[in-house]
Amino acid sequence: MEFLQPSTWAEALDMKAAHPETTPIAGGTDVMVELNLDHGRPASIMDLTRIKDLTEWGTDDGLLRIGAGVTYTRLIEELGDRLPGLAMASRTVGSPQIRNRGTVGGNLGTSSPAGDAHPPLLAADAQVEVHSKAGVRRIPVREFFTGPKKNAMLKDELIAAFLVAPAPGPQQFSKVGTRNAMVIAVCSFALELDPAHRRVGTGIGSAGPTPLRAVQAEEFIQGELEWENRRPPSDAAMGRFGELVAAAAKPIDDVRGSAAYRRHALAVMARRCLQWCWT
Amino acid sequence: MSAVVLDVRIETTINGEPRVAEDVWPGESLLYVLRERFGLYGSKNACEQGECGSCSVYLDGALVCACLVLGGQAGGRSVTTVEGVDADAVQKAFVEAGAVQCGFCTPGLVVAAHELLQRVPHPTDGEIREALAGNVCRCTGYGTIIAAVHMAAGR
Amino acid sequence: MKVGESVRRPDAPPKVRGTFVYSSDLRAEGMLWGATVRSPHPHARIRSIDASEARAMPGVHAVLTHEDVPGKKVYGLEIADQPVLAFEFVRYWGEAVAVVAADHPEQARRAAGKVRVDYEVLPPVTRAEDGKVLRHVKIRHGDQSARADVVVKGEYEIGMQDQAPLGPESGLAIPDGEGGVDLHIATQWLHVDQQQLAGILGLPKEKVRLTMAGIGGAFGAREDLSMQAHACLLALKTGRPVKISYSRPESFVGHVHRHPGTLSYEHGANRDGTLVYVRARILLDGGAYASSSTAVIANATCFACGPYRVPNATIDGIVVYSNNPPCGAMRGFGSVQNCYAHEAQMDKLATALGMDPVELRIKNALETGDRAITGQAIDGPVPVAELLRRVRSFPLPLGEEGEGEGRELFLPGGVSNTTHGEGVKRGVGYAAGFKNIGYSEGFDDYSTARVRLFVHHGKPRVEVHTAAAEVGQGVALVQAQVAGSELGVTDVVVLNADTRVGSAGSSSASRQTYITGGAVKAASEAVCRRVLDLAESELHPGSELRIENDSIVDAGGKPMVSLATLLGDAVIEETREFRPRKTHHLDPDTGQSDAHMQFAFAAHRAVVDVDTELGLVKVVELATAQDVGKAINPLAVQGQLEGGAAQGLGLAVMEEIQVKDGVIKNASFTDYLLPTILDMPPVKMDILELGDPNSPYGLKGVGEPPTISSGPAIVAAIRAATGRAIDRVPVRPQDLTL
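Protein chains in written order, with the numbering used here: chain A, 1 to 279; chain B, 1001 to 1155; chain C, 2001 to 2738.
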């Protein structure tokens, strides 16, 4: 096993081009488990924590551009007001120790369907910025996840940042786990309302081979919501919204929960998140 | 599979002292390096996947699980372990409150509680519980740990 | 340092500073690392093992298989049926097949991966119903055809719980160069390890010396051998010190678990609520090897009805072999599984009778002199009704623990933002339980203590030496308190446990304070007698003497001579074995016998909030009352009551080893969930000290009762909150919603 430690982004991209099989490591919350518990032995590991650029965030044409190495703790503290949904999700990630190390970039890189950052990024229609020596691509998160722990990145690419608009309206995130802290999602749900454009965004976690969007649910509720007079949606509309979210999931039975329960819980969380966003 | 090559050199600062580890296998965690290379066994190896907090240390001032830091990532950085942390009030309170039974979780809890009290000098029960949610204790049921943190905060 | 005082642990300061040495913290010059090759199949025939490639790998010093075991190839606590290294067959997923020693742990792991084992995969027995019976315990008490006005039936399923001590199985074996070995190990019972290891290694016991290393919790997980024999075999083979330290996933296959079970019950009562009969069939899955299954099933059967007067009982307790992970000892030892069933039945019965569930329990509560379903008359205080009244009398918590900011942390779902109060309903539930303290069924229960008094730096010092395992419960401090009380000496040192002193028995069955405490008391009394004889011969006092505050004092408490002066260079040492009263075998046909030495009782009340739409549970509060006879160290007793309840909570709502087709699917702390500080509520405690006339200081075993009735009380509270009949633990969200 080889240990690569680039100190600049350019060096990292060179190394990735030369060692396309290398496993990037940032906060280590996924890679180290693999190493410690002998789940796998990458041919080489590339440490990205020396690269200062990755730990910075700023604005880019009205969007927030957040370096892949910004930790969950910093997201909550520095961006919680502009990205409340992502901050809520970040707060449910592991423990303080994990949030001090773990990054959204790492979450995206692993592309686990259970990644807590994914549903709010889906709901907000964020983009992933990937770099290689060949250039830069911005991939919509909604096209990023291609299978269980698979994504649209090419072998020579690394995640530089993600881009997301500051919350255009209320955002919520809710996650079911079987204990009251430190838990991987049995399933999770994120919701964003964009009152100016009368749009609703959704994200579903841990209930399918990839993080998912509930497109039909979004379309349905966009039409139902009375954006001007802000009247609460009817129970029937809320119920239908929940059903459509549940229907968008593709869950399986596993050690964390059953498929049937996941659908049930998603419907409940969808209704509650909508209620919390709307009122 | 190729032979296991032990070829990494790590220069780091541990508890204020410069330390060097040679001939490190690249896959060694900071936890392993602390324990087996530097003989600092205070950080504990209970789960090695960031789920129990028993290996909590400071890395450049941030509370982290040493098991989730690759040894090489600690190069050039500053690590403070339970052996070096200035947490006398917390440590005494843990002893007095009866917050120690088998004690395997204790070093990690001491470091995590110290970090909390640096940020929040007088935490509520809720703040204590959220801050220590990543430190699993199998013996005490946690009540004495909460009491110990309050006790330390009162000093 | 006296009996009855809340003394602080002497091992706590090094533990908080990280300098206390646990078994995984050991190292020695030239040390090698061991790794274990494990079966990927729950059941297979081993056609062949080829270790040639592994042996040739760089850094590898030895690869051993069953062929390298010089002595007995099987071991076991009750029945020697478990291979040291598998031969002919593997019978569970993760069974040890070969071991490797190498310079670096990664070299050892890689070499382990290159040991080629040719398996002929066989169909596994994975349902307890299909398993071969290992032991069938029958209780036939009273009228076997009794009838009752009101009958309730239920079938209950208990998941497989893990002890999950945080310290991994680990130790260091150091060859002595003369064919013997020193093993530094974290174990619950040094001498039974030594005895088994001597047999396995083909060595006389004196060549296999064990020294206790720091123990990171036990809870039953360290009763059986894990890596002990493997480390010794590798050390003797290589002539080098060998350390083995399991990873967490390996730990899940490296020790036995709490038995999962299916329990079918029928309770009959008169209209006034008086219990008439209980009929039950308890089926526990023992897994691939016997471990302590035969004793666990006896407990499950003997205590099947809970702490209630049951004049007629027909109980069949059956434990079987299967190809599931082996099960054995865990805190509560058979009395946990049955408590979920008998307490659910009592609640069902209360509903059927239209009675208050606590009143029903009080009405039927065992009292002193009542006969258990084994026919044994229970002597000493039996405060079951009192314990229930006390937990009921604690004021109920009002709202959530936190108010305002941060309040959501205390709602079901905790940090995960699942409810702001929607769907949340509160429930309150009660449970009581009991079990035996110490070994039962005629097992020779004893402990050995050596107590030595001498002058150290001008002051009298007492050294206490036993082999009792300090697993975190505080038995080292108990020994110091007992010796300090009996000898009136302030400087008491408890030596580290090892095999240079006689057996203490195991740190299990809530027995150490009783049995080893009793041995230290006896040895201290013998030392005291000799000191007083010496004093009397020198002082010729007119009245009786005693020792107080390091001096010989007369009957009026007046100091006569300091101990230091009296002793001079003399060393007074006494060794004593202590045995509690004898127990007897269960009658094989009726289970009637005085099989148990002491009984301990506890009751719990649980208050829960349940998100009834999502099926998430937040335990709001636990309240408990327990008779401990005499609290030797009240602070430590509180620690046992609270920590034991946390393990009960774990089984009730989250902890389960999930086994599918013989394979553990969640062998890690990511998916085997332990209660965090946000899951465990405050515990209110009422500790009774009613004094058992038979025991040292009147004490009762303390450690296990908190783990017995806490979980059933939580489940009762969840039933109350949801109105659902829950017949399985741990309770899963889907069980409350679908």
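Don't be surprised by glycine CBs; every beta carbon is placed ideally from N, CA and C.
Contact residues within the segment 1054-1086 of chain B, judged by C-beta distance below 7 Å to chain A: Those would be Ser1056, Ala1062, Leu1063, Val1064, Cys1065, Cys1067, Leu1068, Val1069, Leu1070, Gly1072, Gln1073, in chain order.
Counting beta carbon pairs with one atom in the segment 15-32 of chain A and one in the segment 83-91 of chain A, are three or more of them shorter than 8 Å? Contact between the segment 83-91 of chain A and the segment 15-32 of chain A is absent: fewer than three C-beta pairs spanning the two stretches fall below 8 Å.
Over what stretch of residues does the beta strand (DSSP E) that includes valine 1057 of chain B continue unbroken? 1056-1059 is the span of the beta strand (DSSP E), which, as asked, contains valine 1057 of chain B.
Closest by CA to histidine 2184 of chain C, which one among C:Val2451, C:Ala2028, C:Arg2719, C:Ala2062? Histidine 2184 of chain C has its Cα closest to that of C:Ala2028, out of C:Val2451, C:Ala2028, C:Arg2719, C:Ala2062.
Please report how far the alpha carbon of arginine 2461 of chain C lies from the alpha carbon of serine 2264 of chain C, in whole angstroms. One C-alpha to the other measures close to 57 Å.
With 16 other Cβ atoms within 10 Å as the buried cut-off, status of glutamate 2401 of chain C: A caution first: glutamate 2401 of chain C carries a pLDDT of 48, below 50, which makes its placement in the model unreliable, though a value can still be read off. The residue in question, glutamate 2401 of chain C, is buried, as its Cβ has 16 or more Cβ neighbours within 10 Å.
Classify aspartate 1088 of chain B as helix, strand or coil using the three-state DSSP reduction. Helix at aspartate 1088 of chain B.
With 16 other Cβ atoms within 10 Å as the buried cut-off, status of alanine 1003 of chain B: With fewer than 16 other Cβ atoms within 10 Å, it is exposed.
Are the C-beta of aspartate 2011 of chain C and some C-beta of chain B separated by less than 8 Å? Residue contact with chain B for aspartate 2011 of chain C: present (Cβ-Cβ distance below 8 Å to some residue of chain B).
Count the C-beta pairs between the segment 2194-2208 of chain C and the segment 1079-1090 of chain B that are closer than 8 Å, then say yes if the count reaches three, no if not. The segment 2194-2208 of chain C vs the segment 1079-1090 of chain B: no contact.
On the criterion of 16 or more Cβ atoms from any shown chain inside 10 Å, does isoleucine 1014 of chain B qualify as buried, or is it exposed? Counting Cβ neighbours within 10 Å, isoleucine 1014 of chain B comes out buried, since at least 16 surround it.
Check whether chain A comes within 8 Å of glutamate 2642 of chain C, counting only Cβ atoms and requiring the distance to be less than that. With 8 Å as the cut-off, glutamate 2642 of chain C does not count as an interface residue toward chain A.
Excluding the 5 residues flanking alanine 2221 of chain C on each side, which residues of the same chain have their C-beta closer than 6 Å to its C-beta? Gln2163, Pro2165, His2255.
Compute the beta-carbon to beta-carbon distance between leucine 2210 of chain C and leucine 2236 of chain C, rounded to the nearest angstrom, for a pair I have assumed lies under 8 Å. Not confirmed; about 15 Å, so no contact.
Mapping DSSP to helix, strand and coil, what is cysteine 2339 of chain C? For cysteine 2339 of chain C, the three-state secondary structure derived from DSSP is helix.
Close-in-space but distant-in-sequence residues of the same chain around aspartate 2587 of chain C (CB under 6 Å, 5 per side omitted): Closer than 6 Å at Cβ, skipping near neighbours: Ser2593.
When DSSP labels each residue in this structure, what does histidine 2742 of chain C get in the three-state scheme? In the structure as shown, chain C begins at 2001 and stops at 2738. Residue 2742 of chain C is therefore absent and cannot be evaluated.
Chain B residues whose Cβ lies nearer than 7 Å to that of aspartate 2686 of chain C: Residues of chain B passing the Cβ test: none, with the nearest at roughly 15 Å.
What residue from B:Ala1087, B:Val1033, B:Pro1018, B:Cys1052 has the CA that sits closest to cysteine 1156 of chain B's CA? Chain B is shown from 1001 up to 1155; residue 1156 of chain B falls before or after that span and cannot be answered.
Would valine 2084 of chain C and tyrosine 2075 of chain C be called neighbours here (beta carbons separated by less than 8 Å)? Pairing valine 2084 of chain C with tyrosine 2075 of chain C gives a Cβ-Cβ distance under 8 Å.
I'd like to know if alanine 1046 of chain B contacts chain A, where contact means its C-beta is closer than 8 Å to some C-beta of that chain. No, its Cβ sits nowhere closer than 8 Å to a Cβ of chain A.
Methionine 1001 of chain B versus serine 2291 of chain C - alpha carbon distance: Residue confidence for methionine 1001 of chain B is low, a pLDDT of 49 falling below 50, so the modelled location carries little weight and cannot support an answer.
Give the residues of chain B in contact with histidine 2104 of chain C, contact being defined as C-beta atoms less than 7 Å apart. For histidine 2104 of chain C, the C-beta contacts it makes with chain B under 7 Å involve Val1004, Leu1006, Trp1025, in order along the chain.
Exposure of alanine 953 of chain B, with buried meaning 16 or more beta-carbon neighbours within 10 Å: Chain B is shown only over 1001 to 1155; residue 953 of chain B falls outside these bounds and no answer can be derived.
Strictly below 7 Å CB to CB, what residues from chain B border glutamine 2107 of chain C? Neighbours of glutamine 2107 of chain C on chain B, chain order: Val1004.
Under 9 Å between beta-carbons, which chain C residues line up against isoleucine 1145 of chain B? List them in chain order, please. Those within 9 Å of isoleucine 1145 of chain B in chain C are Ile2677.
For arginine 2309 of chain C, decide whether its Cβ has a neighbour in chain B, counting only Cβ atoms nearer than 8 Å. No, no contact with chain B.
CA-to-CA distance, alanine 2086 of chain C to alanine 2128 of chain C, given in whole angstroms: One C-alpha to the other measures close to 23 Å.
So for serine 188 of chain A, helix, strand or coil by DSSP? Three-state result, serine 188 of chain A: strand.
Span of the beta strand (DSSP E), counted from its first residue to its last, around alanine 2044 of chain C: Annotation for alanine 2044 of chain C: the continuous beta strand (DSSP E) segment containing it runs 2044-2050.
CB contact check: glycine 2402 of chain C to chain B, cutoff 8 Å: Caution applies to glycine 2402 of chain C, whose pLDDT of 47 falls short of 50 and renders its modelled position unreliable; the value that the coordinates give is listed next. At least one chain B Cβ lies under 8 Å of glycine 2402 of chain C.
Roughly how many whole angstroms lie between the Cα atoms of alanine 214 of chain A and asparagine 2417 of chain C? Distance between the alpha carbons of alanine 214 of chain A and asparagine 2417 of chain C: 20 Å.
By the criterion of Cβ-Cβ separation under 7 Å, what are the contact partners of proline 2412 of chain C in chain B? Chain order gives no chain B residues near proline 2412 of chain C, where near means a beta carbon separation below 7 Å; the closest approach is about 15 Å.
By Cβ distance below 8 Å, which residues in the same chain neighbour tyrosine 2672 of chain C in space, the five residues on each side in sequence not counted? Only Asp2162, Ala2164, Phe2252, Glu2655, Glu2656, Ile2657, Asn2666 meet the Cβ criterion.
With a threshold of 7 Å (Cβ to nearest heavy atom), would alanine 246 of chain A be considered close to the ligand ZN? Among the ligands in the structure shown, none appear at all, so the ligand ZN cannot be discussed.
Minimum Cβ-Cβ distance from tryptophan 278 of chain A to chain C less than 8 Å: Closer than 8 Å: no.
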